[in-house]
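S.K.: The opening residue of the sequence shown carries number 32 in our numbering; numbering runs sequentially from there.
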Amino acid sequence: MTVDSTGTELPVITGVTTDHRGRLVGAMAIGDGPTAVLEPPDDGSVHGQISLNAMMTLLDVEELRARVEIKKRRNQR
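1) Roughly how many angstroms lie between the CA atoms of Gly-53 and Met-87, to the nearest whole one?
2) What residues match up with Gly-46 in a beta bridge as DSSP calls it?
3) Taking the straight line between their C-alpha atoms, what separation do you get for Leu-83 and Arg-104?
4) Could you spell out where the alpha helix (DSSP H) holding Thr-88 opens and where it closes?
5) Do Leu-55 and Val-47 have their CB atoms nearer than 8 Å?
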């Protein structure tokens, strides 16, 4: 379960399916939105582009939270 930008809870569903070419792929759906195909890039790496993008986004969130906290502490002086 996750929440959207309004705080509404949405289910997160992951699983294995076949793509339009009949290949086995991982898939992820959030709420009633479209399904994203999760597959490794052509170079054989274990991380697909969506996985890398998700991880980078979470790192960006942590960095922004840290910056906000630093700014708060500076303003308290």
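Just so you know, even glycine gets a beta-carbon here, dropped at the ideal spot from N, CA and C.
M.R.: Considering the structure as presented:
1) Here the question's residue 53 lines up with position 22 in the sequence shown. Here the question's residue 87 lines up with position 56 in the sequence shown. Looking at the two C-alpha atoms, the distance is approximately 30 Å.
2) For the purposes of this step, residue 46 is identified with residue 15 of the sequence shown, where counting begins at 1. Answer by DSSP bridge pairing, in chain order: Ala-58.
3) Within the sequence shown, the letter at position 52 stands for residue 83. Within the sequence shown, the letter at position 73 stands for residue 104. Straight-line Cα distance between these residues: approximately 32 Å.
4) Taking the sequence shown and counting its residues from 1, the one referred to as residue 88 is at position 57. Here the alpha helix (DSSP H) through Thr-88 covers 80–106.
5) The residue you call residue 55 lines up with position 24 of the sequence shown. The residue you call residue 47 lines up with position 16 of the sequence shown. Contact flag set, yes.
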